[in-house]
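Chains as they are written, first to last, in our numbering: chain A, 1 to 232; chain B, 1001 to 1291.
The C-beta atom is built at its ideal place from N, Cα and C for all residues, glycine as well.
All figures in this text were calculated on a predicted structure; none of them were measured in a lab.
Read the structure below first, then the notes.
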Amino acid sequence: MRANSGKANIIRLFNVTKRYGGKLALNDITLDIEPGEFIFISGPSGAGKSTLLKVLYLAERVSEGQILIDGMNLARISSAKLPFLRRRFGMVFQDFKLIPNRTVFENVALVLRVAGEKPSYIKKKVMHVLRVTGMEKKANHLPQPLSGGEQQRVAVARAVVGEPSIILADEPTGSLDRESAQRVLDLLLGYHQNGATILMASHNIEQMNRFSKGRNIILEDGTLKGISTILC
Amino acid sequence: MMRFLNKVRTDIRSNRFLNIITIMTIALSILLVSVFILFFENASRILSAWNHGGRAMVYLSDSFTPAMLPNVKEQLISMGSIEKMVFIPKTQALERLKKEMGSKIQFLSTLQENPLPDAIEITMTAHSSFEQIQKAAARIEALDIVDTVEYGQGWLGRFLKLFNLFKMTGYAMSGLFLMIALFITANTVRLAFYARQTEVEIMRLVGATDGFIKTPFYVEGLLQGFIGGVLGMIILLAGYLTLSSGISRNLDAYVYLDIHFLSWQAVAIILFSSTFLGWFGCFISLKQILK
Ligand SMILES: Nc1ncnc2c1ncn2[C@@H]1O[C@H](COP(=O)(O)OP(=O)(O)O)[C@@H](O)[C@H]1O
Ligand SMILES: [Mg+2]
């Protein structure tokens, strides 16, 4: 059974193709995603999972096709409006993308500073998110000396701190041991239960089974191989 | 706000060497420019004082008779730029001379004929610039009834030529140094920007506008410009104090020297300009980098 089946689609892809030079990374993808869905993107390394997420927040432009986010056509987003589009997303990057010379607190706070939030709110909100992700004690540490799992959690904290309606997570458990991975998944699940739409890329199909509901999108060589509904 | 300033401070620290170079360059060019300004401000005031503030003596030829005075005055007025005219008949001039010389020179009283010419002392309206006086004097001298016009043109004129040459060199060098400072400032910003490229890229990805990204660079540019300007002014003031006390101790007895430091308006303009320089270097660089 599909949740929220009555709502308008929040993400729509029409025949999306992405080429890097001559290399095909996404091949004619058409897909509708409803608000509040949990989308699991699986497929082997190099299948185009990261690229699929990147075209959504315009880190890359599509070569062909159209993408609508909440009714906005991404092809028509000007560079001046781009930052505002990106603020609707929370992103967990495959390589974390933490700023090395800023503390954990500052890395997470950046999202809110960029959006012009008040310092008092920023402090409260960031500390709350760090508490939830279990990184409270490391708030004043620089990210580099932290373990992969800890950096991953900081990345997740940054993705959720702005309370985005859509969370894009690119292999958020990729470098984690089972326990840490479970913790990150639980976190994302919590935000999902609060109503966020989540797209999570992973080459680890096992993890899918932890979610009570959602859809699994299988990519292979940039082509959509199948969509299955997860039912437990 | 405090956090923002703290961030700027750590940013500056992480690029400390470059920033010091930039501040020093700005300070040096500002120093050079202000040395010239200081020199010219003083030199032109002293020149004008030596020239009695735009006064000149028009010595009339022998054919002049007092009856012609209204006519001559009219001719002078028609030349324009004359503010005041005082006729000094030769008898009065002789009296004045006698009084000034006192009893020292006996021969004056033995003179049978007055050797002095009649004269008109004129004050020109445009006495701010020595060149204007020079031009007006040449025109007056061309009149038939006028013998010569005296305004200290001899050595003062020659000095003026030198002065002008110096002034041109000063402008050229100041311009050159300001360009160099601008170039170095712009370059520092560029390097700082590239050093923070990952950071900037991440900021973009989480939704930072160009304005948000640029602001710290501008703050840094403005600060560097301002600090450079203040530094330049401090060096100038120190140099001025050392030199001026030496000059007045040694020369005051011989010549009239009225030396001042830059007016506070000039200091304000210089500080504003150096701050602007820091900002402008930033502007050029970011405009280029961010398209
Ligand atoms: N910036 C890029 N330039 C060229 N090729 C790229 C680039 N990014 C990804 N690719 C290629 O596109 C394909 C899909 O990559 P990606 O989306 O990262 O796959 P996945 O995340 O599923 O491992 C791969 O073959 C990869 O080599
Ligand atoms: Mg990937």
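Consider the C-beta atom of A/E64 and the heavy atoms of ligand 2; say whether any pair is separated by less than 8 Å. no
8 Å contact criterion, which A/F40 and A/I217 should meet: CB distance rounded: 7 Å
Ligand 4 heavy atoms versus the CB of A/H203: any closer than 8 Å? Among the ligands in the structure shown, ligand 4 does not appear; only ligand 1 and ligand 2 can be found there.
With 16 as the cutoff for other CB atoms within 10 Å, does A/P44 come out buried or exposed? exposed
I need the boundaries of the alpha helix (DSSP H) containing B/N1071, first residue and last residue. 1069-1078
What does the alpha-carbon distance come out to for the pair B/A1186 and A/K81? 28 Å
Tell me whether A/E171, by its Cβ, gets closer than 8 Å to a heavy atom of ligand 2. yes
Run through chain A and tell me which residues come within less than 9 Å of B/I1202, C-beta to C-beta. F93, K97, L98, I99, N107, L110
Let me know the secondary structure DSSP gives A/T51 once reduced to three states. helix
May I ask you to check if the CB of A/A155 is nearer than 8 Å to at least one heavy atom of ligand 1? no
Look up B/Q1292 in the DSSP assignment and say whether it is helix, strand or coil. Lying outside 1001 to 1291, the shown extent of chain B, residue 1292 of chain B is not represented and no answer is given.
Assuming A/E34 is part of the beta strand (DSSP E), what are its boundary residues? Taken as a continuous stretch (DSSP letters only), A/E34 belongs to no beta strand (DSSP E), as it is neither H nor E.
Do A/E34 and A/T229 have their beta-carbon atoms positioned less than 9 Å apart in this structure? no
Nearest CA to the CA of A/T51: which residue from A/N73, A/S120, A/D28, A/E37? A/D28
If the criterion is Cβ atoms closer than 9 Å, does the pair B/R1158 and B/M1079 meet it? no
Whether B/Q1283 touches B/G1170 by CB criterion (9 Å): A quick correction: the sequence has Phe, not Gln, at residue 1283 of chain B. No. Outside cutoff.
Using a Cβ-Cβ distance cut-off of 9 Å, determine whether B/P1205 contacts chain A. Here the sequence assigns Leu to residue 1205 of chain B, which means Pro is not the residue at that position. By this cut-off, B/L1205 is an interface position.
What's the gap between the Cα of B/L1143 and the Cα of B/Y1059? 11 Å
Cβ of A/K49 within 8 Å of any heavy atom in ligand 2? yes
Locate the alpha helix (DSSP H) running through B/F1280, then write down its first and last residues. 1264-1289
Any residues in the segment 44-68 of chain A with a beta carbon nearer than 9 Å to a beta carbon of chain B? Which ones, in chain order? Y57, A59
Other residues of its chain near A/A139: CB distance less than 6 Å, five sequence neighbours each side excluded: V104, F105, L130
Are any of the Cβ atoms in chain B nearer than 9 Å to that of A/I217? no
Would you mind listing the beta strand (DSSP E) stretches within the segment 62-149 of chain A that are 3+ residues and don't spill past its ends, in chain order? 64-69, 89-92
Regarding A/K54 and ligand 1, is the C-beta to nearest heavy atom distance less than 8 Å? yes
Please confirm whether B/E1041 has its beta-carbon closer than 9 Å to some beta-carbon of chain A. no
Would you call B/A1027 buried or exposed, if buried means 16 or more other Cβ atoms sit within 10 Å of its Cβ? buried
Closer than 8 Å at the beta carbon, the chain E residues around A/A115: Judged by its chain identifiers, the structure shown contains no chain E, and its protein chains are A and B.
Does at least one heavy atom of ligand 1 sit under 8 Å from the Cβ of A/P44? yes
Using a Cβ-Cβ cutoff of less than 7 Å, which residues in the same chain neighbour A/V160 once the five nearest sequence positions on both sides are dropped? G90, V129, I167, Y191
With 16 as the cutoff for other CB atoms within 10 Å, does A/S5 come out buried or exposed? In this prediction, A/S5 has a pLDDT of 45, which is less than 50 and means its spatial position is unreliable; what the coordinates show is noted afterwards. It counts as exposed.
Tell me the rounded alpha-carbon separation between A/R86 and A/H203. 25 Å
I want to see whether chain A comes within less than 9 Å of B/E1220, judged by CB atoms only; does it? no
Out of B/E1074, B/T1022, B/I1120, B/G1221, which has the shortest C-alpha to C-alpha gap to B/V1086? B/I1120
Roughly how many angstroms separate the alpha carbons of B/L1236 and B/L1176, rounded to a whole number? 19 Å
Examine ligand 1 and report whether any of its heavy atoms sits within less than 8 Å of the Cβ of A/G21. yes
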